[in-house]
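> Dropping the structure in here first, questions after.
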Amino acid sequence: MDWATFGYEGNDIVVAGTGTGFESLPGALPDDAPMYAYCRVDIPTEETTRTRFVLISWVGEGTSPMKKGKVSVDKPALKAVIKDVTIEIATSDRDDLTQDKVIQKVRSANY
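Heads up, the numbering used here is the position in the sequence shown plus 1, with the first residue counted as 1.
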């Protein structure tokens with residue numbers, strides 16, 4: 002899995018980082034700020050490997066209410082730029098971002 006994270010610089014959404022692998026993504030998401038992650042996930046099947054894209058809306062447990070509200074307002078603008086999304090995951094729990102759980106959600110999307 003390859004991923005990019007997006008965070009806030011003032012009121013602007015900017016690229017915060019990039020990486021490879023499920024293991025490294027949760028560590029790139031802070032406890033006190035909202036962020037977004039766009040992930041490329043390769044799903045092996047019997048015949049081939051299918052590539053799917055996941056948009057994660059992250060709101061850390063320590064995020065202030067005002068910053069939490071920005072996610073619902075700003076996510077549509079991000080989705081206008083990132084158009085190829087198989088599923089969206091909204092979470093504040095790093096346990097939701099394991100390889101098995103993300104692949105299971107992508108497979109259940111029947112996309």
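Positions of the beta carbon are idealized from the N, C-alpha and C atoms, including for glycine. Predicted model, so just to flag it, every value in this text is computed and none were measured.
So what's L30 in DSSP terms, helix, strand or just coil?
Coil, per DSSP.
> With a threshold of 8 angstroms, are at least 3 pairs of Cβ atoms found where one atom belongs to the region 69-77 and the other to the region 34-54?
In short, these stretches touch, since the Cβ pair count reaches three.
> Here's a check: name, in chain order, each residue in its chain whose Cβ is nearer than 7 angstroms to the Cβ of G63, leaving out the five neighbours to either side.
Contacts found: D32 and D33.
> Between T19 and the rest of its own chain, which residues show a CB-CB distance below 6 angstroms, the 5 nearest in sequence each way excluded?
Excluding positions up to five away in sequence, the list reads A5.
> Do V103 and V42 have their C-beta atoms closer together than 9 angstroms?
In this structure, V42 lies closer than 9 angstroms to V103 by Cβ.
> Determine the contact status of L30 and L56, defining contact as a CB-CB distance below 9 angstroms.
It is not a contact, given that the beta carbons lie outside the stated cut-off.
> I'd like the list of long-range same chain contacts for D85, defined as Cβ closer than 7 angstroms, with 5 residues on each side in sequence excluded.
So the list reads F54, once near-sequence residues are dropped.
> For a test of the three-state rule: what should DSSP assign to S93, helix, strand or coil?
Residue state, collapsed to three classes: coil.
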